[in-house]
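Please read the structure below before turning to the comments.
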Amino acid sequence: MIWVNDVKDNYPKSNISMNQQNVRVRFAPSPTGPLHMGGVRTALFNYLLAKKTGGTFILRIEDTDQTRFVPGAEDYIMEALKWCGIQVDEGIVEGGPYGPYRQSDRKALYQQYASQLLESGNAYLAFDSPEDLEQVRSEYETKGETFTYNAATRQQMRNSLSLSKSVVDQLIASGEKYVIRFKMPDDEVVTDNDLIRGSVSFNTSLLDDKVLFKSDGMPTYHLANVVDDHLMEITHVIRGEEWLPSMPLHVLLYEKFEWEKPVFAHLPLILKPVGKGKLSKRDGDKMGFPVFPLRWTDPFTSEVSSGYREEGYFPDAFVNLLAMLGWNPGTEQEIFSMDELAEAFDLSRVGKSGSKFDPEKAKWFNHQYMQQKDNAELAEMLMPILHEKGVKVEVDYVVKVVEMLKERATFLPEIWDQGFYFFEDPKSYDPKTVSKRWKEGVPEMMQEIYDFLASYQGAWSPAIVKEDFSAFVTKKQWNFGLVMNAFRLCIVGAAMGADLFEICAMIGKEATLRRIQNGIQNIPV
Ligand code: GLU
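Just add 542 to wherever you are in the sequence shown, counting from 1, and you've got this note's numbering.
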């Protein structure tokens, strides 16, 4: 990309004054697929600024490029924001005084702005067909050069600047297709202040005459974006760094329209965990982490991409980890609720350089949230997972299981993986443990244990059972380890799990006896 980024590091970054009234920010995704986590972070930073300042957060769908339309993407975007707790004040569902909020529904209003630029001499009609353009491009290429449609070349192309008015009128009358291009000034320096980068300058001779309005009657991103930001009275344009090269064109458009500019802030990229460059879906596939907030099934290829939600991340943990990618509070604090984020958030604390995504750190955040969350809340969240497994259980029981297991768990489904035996009898017995622990004589020994426990009169509590049980084993002169391993195999089905007497107390006497009996009958010696 050709642009000059003349960052002066000592340039004072302008802060958003806290008493600034009516902050209006927008998240403006194109529904071309699932939202990348970088996109969610952009939405989040916009939302946080709105929340902090009592402003308005707008969701605008930028779907002017109909060739890139992907069914389901719009719903996906809205569902992802909802899952994250990012509340939209104005949008396609919420409505609002500046609607419609989907650009294809605003189609009729862009033409007049393109005409305005034509009249003021800042835009022109271009009749070059895609084939014409392809041909000049390849001619330049054979000379080892790159073709740019700009002040240096536009006279040799077929447009309303190079052709006479009568030819142009004739072409229009004969139905020739044309686009409207911006007439990029020659050799000017466009300078603007970016809230994150400070002063940024671009030389216009390195830029091209961008198409503003297409032959299909639709505006391009640039025109629609600037017109809508103006009409929707957007005060701050906060978006990803990949849009920085568009900034000079946008600044010039505001100038030519004689509109007041919003403040720009270009967020740094989220970088790959290893190597260089922007975090991509491929990195996630390779290293086994999601790059999308929610699971996404591609409507064309049926390819499924994993999502943070389905991987078991808590939405507040996901939001927290996203916020820390690029922003820092200037203190050691790492755990922030949405309200705390909104309070602490400040664009001047967003760094200029990209932040590496660390999948282990992402897990760490989820683990922290797991520990912080109320057991009852976690139990409620676990209930659907248990229902899916066909388990019918009271929530109070689940609360106790959560309490015992959450310390070692990072994701909620791990409670099932580590504690399934609290909810169901073993369906199978781990063959390795069987061959190691279920020796000759063991079934007879377990039968005696069964008889002992069946006639046991003491309280069915872990400590008491353990004490009496140990006394019984000692009296029998059995090897304690051998007994416990066989006992565990009957109760759990494998050599794993919580304290055995805790498990027996939780599942109750009846289930304990049933599992021992099942073990005796079903585990092969
Ligand atoms: N539609 C653009 C996108 O998909 C919006 C960029 C901007 O915020 O200006 O990201």
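Idealized CB from N, CA, C, for every residue including glycine. Predicted, not measured: the structure shown is a model, and the values here were computed from it.
With 16 as the cutoff for other CB atoms within 10 Å, does Arg568 come out buried or exposed?
buried
Between the segment 743-755 and the segment 627-638, can you find at least three pairs of beta-carbon atoms closer than 8 angstroms?
no
Is Glu632 helix, strand or coil by DSSP?
In the three-state reduction of the DSSP assignment, Glu632 falls in the strand class.
Taking only heavy atoms of ligand 1 into account, decide whether any of them is closer than 8 angstroms to the Cβ of Pro571.
yes
Out of Gly983, Leu705, Thr975, Met1048, point me to the one whose CA is closest to Gly1035's CA.
Thr975
In this structure, how does DSSP classify Leu754 when only helix, strand and coil are distinguished?
strand
With Glu718 and Phe669 assumed to form a contact (beta carbons below 8 angstroms), what rounded beta-carbon distance in angstroms separates them?
A Cβ-Cβ distance of about 6 angstroms is found for the pair Glu718 and Phe669, placing them in contact under the 8 angstroms criterion.
Inter-residue CB distance, Pro804 and Thr777 (contact presumed, cutoff 8 angstroms):
6 angstroms
Quick one: which unbroken beta strand (DSSP E) runs of 3-plus residues sit fully inside the segment 753-807? Chain order, please.
753-755, 778-782
Taking 8 angstroms as the cut-off, is the beta-carbon of Trp785 closer than that to any non-hydrogen atom of ligand 1?
yes
Can you name the start and end residues of the beta strand (DSSP E) that Phe569 belongs to?
566-569
Pick helix, strand or coil for Thr598, following the three-state DSSP scheme.
Correct three-state label for Thr598: strand.
Are Leu601 and Val630 close, meaning C-beta to C-beta below 9 angstroms?
Judged by their CB atoms, Leu601 and Val630 are nearer to each other than the 9 angstroms cut-off.
Does ligand 1 have a heavy atom nearer than 8 angstroms to the CB of Arg781?
yes
Can you tell me where the beta strand (DSSP E) with Phe744 in it begins and where it stops?
740-745
DSSP three-state label for Lys814, please.
coil
Tell me, to the nearest whole angstrom, how far the beta carbon of Pro985 is from that of Val1067; I am working on the premise that it is less than 8 angstroms.
7 angstroms
What is the DSSP secondary structure of Asp605, reduced to helix, strand or coil?
coil
Would you call the segment 592-606 and the segment 644-659 touching, i.e. three or more CB-CB distances under 8 angstroms?
Cβ pair count under 8 angstroms is three or more, so yes.
Indicate whether the contact test is met: 3 or more Cβ pairs, each with one atom in the segment 878-891 and one in the segment 929-936, closer than 8 angstroms.
no
Spatial distance of Val753 from Leu577 (CA atoms)
26 angstroms
Just tell me which of Gly896, Lys624, Tyr655 has its CA closest to the CA of His808.
The closest CA to that of His808, considering only Gly896, Lys624, Tyr655, is found on Gly896.
Heavy atom of ligand 1 within 8 angstroms of Ser788 beta-carbon:
yes
Would you kindly work out how many angstroms separate the C-alpha atoms of Pro857 and Ala886, rounded to a whole number?
19 angstroms
Nearer than 8 angstroms: is that true of the beta carbon of Tyr763 relative to any heavy atom of ligand 2?
Ligand 2 is not part of this structure, which contains only ligand 1.
For Thr1054, which of helix, strand or coil comes out of DSSP?
helix
Closer than 8 angstroms is the cut-off here; do at least three beta carbon pairs connect the segment 964-972 with the segment 1024-1042?
yes
Short check: CB of Met721 to CB of Val793, under 9 angstroms?
Sequence inspection shows Val at residue 721; the Met mentioned does not correspond to that position. No; because the gap between Cβ atoms is not below 9 angstroms, this pair is not in contact.
Please report the distance separating the alpha-carbon of Pro761 from that of Leu889.
31 angstroms
Per DSSP, cross-strand counterpart(s) of Leu809
Answer by DSSP bridge pairing, in chain order: Gly782.
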